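Student: With the numbering used here as the guide, the letters of the sequence shown map in order to residues 31 to 666. Sending over a structure as structure tokens; questions will come in a sec.
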Amino acid sequence: MFLTRSATAIPLYPLFIFPFAFLASPASALPQAGTLEEVRVVGRRDVLLPSLGAGTTDLIAFDEQVSMNRTVGDWLEQLPGVSLNGQGGLFQAYSIRGFSRWRVRTELNGVPIITDRRAGNSASFVPPDLIAQVAVNKSASSTLYGSGAMGGVVNLDSRIEEGRSLRAEGASNGGQFALTALSGNPGGLSAGLSVRKAEDSDAPDGRKLNTAFEQVAATVTGSSELGSLSLDYRWLGSVSRDVGKSNALFPERRISSYPSDDHSVTQLELRADGDWFIRAYHHLQDWEADVERVGERRNLTSYRAHTVGGLFQANTRLLSGEGSVGAEWVGRRGVAIDDEEFTPDGTLLIEQALVRGEEDTVALFADQQWRLGAMEISGGMRYDHMDQSSRSQSNADGQWSASAAVDYGLGDSWTLRGELASGFRFPGLSERYFNGTTPRGEVLGNPDLEAETRRSGELALQFAPLVSTLKAGAAVYYSDLEDYIERYPVGPELVSYRNLDGASIQGLELDVGFQTGVVHHRLSYQWQEGEDDEGNTLADLNPPSLRYFFSWEQEQRGFYSDLSYRESREEFGADELPLASAVIWNARFTQRVARRWQAELFLSNILDEEYRSTADDVAPLQPGRTFGIRLEWRES
Numbered sequence: 031m032f033l034t035r036s037a038t039a040i041p042l043y044p045l046f047i048f049p050f051a052f053l054a055s056p057a058s059a060l061p062q063a064g065t066l067e068e069v070r071v072v073g074r075r076d077v078l079l080p081s082l083g084a085g086t087t088d089l090i091a092f093d094e095q096v097s098m099n100r101t102v103g104d105w106l107e108q109l110p111g112v113s114l115n116g117q118g119g120l121f122q123a124y125s126i127r128g129f130s131r132w133r134v135r136t137e138l139n140g141v142p143i144i145t146d147r148r149a150g151n152s153a154s155f156v157p158p159d160l161i162a163q164v165a166v167n168k169s170a171s172s173t174l175y176g177s178g179a180m181g182g183v184v185n186l187d188s189r190i191e192e193g194r195s196l197r198a199e200g201a202s203n204g205g206q207f208a209l210t211a212l213s214g215n216p217g218g219l220s221a222g223l224s225v226r227k228a229e230d231s232d233a234p235d236g237r238k239l240n241t242a243f244e245q246v247a248a249t250v251t252g253s254s255e256l257g258s259l260s261l262d263y264r265w266l267g268s269v270s271r272d273v274g275k276s277n278a279l280f281p282e283r284r285i286s287s288y289p290s291d292d293h294s295v296t297q298l299e300l301r302a303d304g305d306w307f308i309r310a311y312h313h314l315q316d317w318e319a320d321v322e323r324v325g326e327r328r329n330l331t332s333y334r335a336h337t338v339g340g341l342f343q344a345n346t347r348l349l350s351g352e353g354s355v356g357a358e359w360v361g362r363r364g365v366a367i368d369d370e371e372f373t374p375d376g377t378l379l380i381e382q383a384l385v386r387g388e389e390d391t392v393a394l395f396a397d398q399q400w401r402l403g404a405m406e407i408s409g410g411m412r413y414d415h416m417d418q419s420s421r422s423q424s425n426a427d428g429q430w431s432a433s434a435a436v437d438y439g440l441g442d443s444w445t446l447r448g449e450l451a452s453g454f455r456f457p458g459l460s461e462r463y464f465n466g467t468t469p470r471g472e473v474l475g476n477p478d479l480e481a482e483t484r485r486s487g488e489l490a491l492q493f494a495p496l497v498s499t500l501k502a503g504a505a506v507y508y509s510d511l512e513d514y515i516e517r518y519p520v521g522p523e524l525v526s527y528r529n530l531d532g533a534s535i536q537g538l539e540l541d542v543g544f545q546t547g548v549v550h551h552r553l554s555y556q557w558q559e560g561e562d563d564e565g566n567t568l569a570d571l572n573p574p575s576l577r578y579f580f581s582w583e584q585e586q587r588g589f590y591s592d593l594s595y596r597e598s599r600e601e602f603g604a605d606e607l608p609l610a611s612a613v614i615w616n617a618r619f620t621q622r623v624a625r626r627w628q629a630e631l632f633l634s635n636i637l638d639e640e641y642r643s644t645a646d647d648v649a650p651l652q653p654g655r656t657f658g659i660r661l662e663w664r665e666s
């Protein structure tokens, strides 16, 4: 039975709107939020003015994905400086330039996605087919997003469809199936519905991977004109059941799953074109984690929390420059984590409330940019104050962050960029107050954790001639970290958190792309290292890798190939193991079969490579060779 648990905890009333939106006659598309100009400006929260700086923000559109398409993490992995992190399955996390877990801020339509999962925040509840594009800010100035953005920002824009479309997909490995319907109504409603299901997949060596899941998600988007103002609204709801948490201990020692994972994300935005906007949002999440240590015990952990907040931003023009000022509030209410422990025969041993927490973060920020001939100068500052509590324990802290960047044009083709920034991250509620069981193992919180801080610099060179299809870029970066929060082992399958006196991360990224007729090539490379003050390797670093992307596109058909070589990595951090080298090849072929129909054949892990995607000491093998077919009908 599909999705057997009652979903009453999550308001899914917009689902009933979808059939009417799909039957409505389509016309021109609604204006799409999250355009290119809204992500390429250094330090901006949301841009009201045209883009001035290049920054190091990458965009990935829904039709550019070649590799596996389980979560947004599969999209991000193709970018230099980004890699997968933690364990596998639907809850796969990601790392940006060696920063992961709570150090990467993930947003959906501008709403921060904040959870207390030990692996950090992810967008596993959002089906990729409901995403229009993903913007990734890797630059040092991402710290102007506040706590949680110390390592970067990932923003997902949900799809706003032009006309109507229906897509069906099936894959060989794990019996994967997906059905997605999208519809746009001119000047009003746009909606989407996704249904996905998968069984346990097979690794190249034949062992079963705990990757099964069931998921239904819907999105509704609309806008209204109120005189000189515009009101935009977005909602996405997701209900998941029996989500397997893949790890190397399955099934002999540990079986981990999420029996339920429900989310509702709502956003309202009032905007005066070119002057100011105000945004309000709410994210309700309700999920359960089931961890069975075979022959020992079983723990069932339930989690429920509300994230509420608002953002105000207005344009400024100071000293012949252009910029913005703003204020942000992010509140967390009703954060409740409970645990039940059972014997192998199902007898309840312990029932306890682990966390009853609240958190408020209030921030003020400003940024400004100036053009001086061939030079562009930008800078920004932000101050955050945080109050955090769980029962009788509480913490309060305040932190400044700032960034400054210079872009200098070296003729018509070359641009040199330098950037300096400072940032921080407040410890999360679960890092401080959670003592219990997770799918990863036992965790002991540390209420004495201090905020970690970062001082970083980046130097980049870009080559983009006006009369050539050749484009290239190189970037080197360095981060100095103080009070870096490290997860470390306390005993067998028991970890806690501590502040390191200091640590550093440095790396290199190269990216070259060129086009000849209908053929496009892209070659990228990344390298990184990180150590604490005692010379110990940090966890979560990106392994060195070389990637070659090839596409051949004609009006009726196209071929896309994504081939990567990941070097071995012998150095590893806490709770990690050495990582072997791997060659990973994915491809897809598209063919228009009728005026409104398109078929697609996709292949993942074509070489059937036996590899782990991360150095995590319980990371499983990735799924073996997978063949799949997509069929799409579209009416514009």
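Backbone N, C-alpha and C define an ideal beta-carbon position, used for all residues, glycine too. Just so it is clear, the structure is predicted and the values come from calculations on it, not from any experiment.
(1) Starting from the Cα of residue 272, find the closest Cα among 309, 496 and 120 and give me that residue.
(2) Please list the terminal residues of the continuous beta strand (DSSP E) segment that includes residue 103.
(3) On the premise that residue 599 lies in contact with residue 573, defined as a C-beta separation below 8 angstroms, what is that separation, rounded to the nearest angstrom?
(4) When you compare the CB positions of residue 418 and residue 461, do they come within less than 8 angstroms of one another, or not?
(5) Just the Cα atoms here: how many angstroms apart are residue 325 and residue 371?
(6) I need the straight-line Cα distance from residue 609 to residue 400, nearest angstrom please.
(7) As an exercise, report each continuous beta strand (DSSP E) stretch of at least 3 residues that is fully enclosed by the segment 176–264, in chain order.
(8) For a quick check, are the C-beta atoms of residue 501 and residue 543 less than 8 angstroms apart?
(9) Taking the Cβ atom as the reference point for each residue, do residue 594 and residue 576 lie within a distance shorter than 8 angstroms?
(10) In this structure, what does DSSP give as the bridge partners for residue 143?
(11) Using the C-alpha atoms, what's the distance from residue 603 back to residue 142?
(12) State the DSSP-derived secondary structure class of residue 489, mapped to helix, strand or coil.
(13) Could you give the distance in angstroms between the alpha-carbon of residue 320 and the alpha-carbon of residue 267?
(14) Classify residue 627 as buried or exposed, calling it buried when 16 or more other Cβ atoms lie within 10 Å of its own Cβ.
(15) Just to confirm the assignment: which complete alpha helix (DSSP H) runs, minimum length 4, are found wholly within the segment 367–436?
(16) Excluding five sequence neighbours on each side, which residues of the same chain lie with their C-beta closer than 6 angstroms to the C-beta of residue 295?
(17) At what residues does the beta strand (DSSP E) containing residue 578 begin and finish?
(18) In whole angstroms, give me the CA-to-CA distance for residue 330 and residue 632.
(19) Looking at the structure shown, is residue 514 part of a helix, part of a strand, or coil, going by DSSP?
(20) My understanding is that residue 261 touches residue 300, with C-beta atoms under 8 angstroms, so please give their C-beta distance in whole angstroms.
(21) Looking at the structure shown, is residue 158 part of a helix, part of a strand, or coil, going by DSSP?
(22) Exposed or buried, residue 384, counting other C-beta atoms within 10 Å across all chains shown (16 or more means buried)?
(23) DSSP three-state label for residue 641, please.
(24) Among the residues of its own chain, which have a CB less than 7 angstroms from the CB of residue 50, if the five just before and after it don't count?
(25) Considering only residues of the same chain and omitting the five flanking positions on each side of residue 442, which have a CB-CB separation below 8 angstroms?
(26) On a CA-only basis, which of 509, 591, 210 and 183 is nearest residue 562? Give me that one, please.
(27) Near residue 560, what residues of its chain come up, given a Cβ to Cβ distance below 6 angstroms and the 5 sequence neighbours on each side ignored?
(28) Which two residues bound the contiguous alpha helix (DSSP H) that contains residue 459?
(29) Measuring straight from C-alpha to C-alpha, what distance separates residue 135 and residue 249?
(30) Take residue 526 as the anchor and find which of 409, 474, 253 and 581 has the nearest alpha-carbon.
(31) Measure the C-alpha to C-alpha separation of residue 23 and residue 546 and round it to an integer number of angstroms.
(32) Could you tell me if residue 656 is buried or exposed, where buried requires 16 or more neighbouring beta carbons within 10 angstroms of its beta carbon?
(33) Flag this pair as yes or no: are the beta carbons of residue 177 and residue 411 separated by less than 8 angstroms?
(34) Can the beta-carbon of residue 291 be found closer than 8 angstroms to that of residue 224?
(35) At what residue ranges does the segment 287–313 contain a whole run of the beta strand (DSSP E), taking only runs of 3 or more?
(36) Of the choices 152, 554, 374 and 434, whose alpha-carbon is the least far from that of residue 592?
Tutor: According to the structure data:
(1) 120
(2) From DSSP, residue 103 is part of no beta strand (DSSP E) but of the alpha helix (DSSP H) over 102–106.
(3) 5 angstroms
(4) no
(5) 13 angstroms
(6) 45 angstroms
(7) 182–188, 194–201, 206–214, 219–228 and 243–256
(8) Yes. Within cutoff.
(9) yes
(10) Paired residue(s): none; residue 143 is not in a bridge.
(11) 28 angstroms
(12) Correct three-state label for residue 489: strand.
(13) 23 angstroms
(14) exposed
(15) none
(16) 138, 141, 266 and 313
(17) 575–583
(18) 38 angstroms
(19) It is coil, neither helix nor strand.
(20) 6 angstroms
(21) The three-state reading of DSSP puts residue 158 in helix, counting H, G and I together.
(22) Classification for residue 384: buried.
(23) Reduced to three states, the DSSP call for residue 641 is coil.
(24) Low confidence applies to residue 50: its pLDDT is 38, below 50, so where it sits in the model is not reliable, and the reading given next is rough at best. Closer than 7 angstroms at Cβ, skipping near neighbours: no residue.
(25) Spatial neighbours of residue 442 in its own chain (CB-CB distance under 8 angstroms, excluding positions within 5 residues in sequence) are listed in chain order as 495 and 496.
(26) 509
(27) Closer than 6 angstroms at the Cβ level, and outside the excluded window around residue 560, lie 128, 535, 568 and 571.
(28) 459–463
(29) 21 angstroms
(30) The shortest C-alpha separation from residue 526 is found at 474.
(31) This structure cannot settle anything about residue 23, because the visible part of the chain is limited to 31 through 666.
(32) buried
(33) no
(34) no
(35) none
(36) 554
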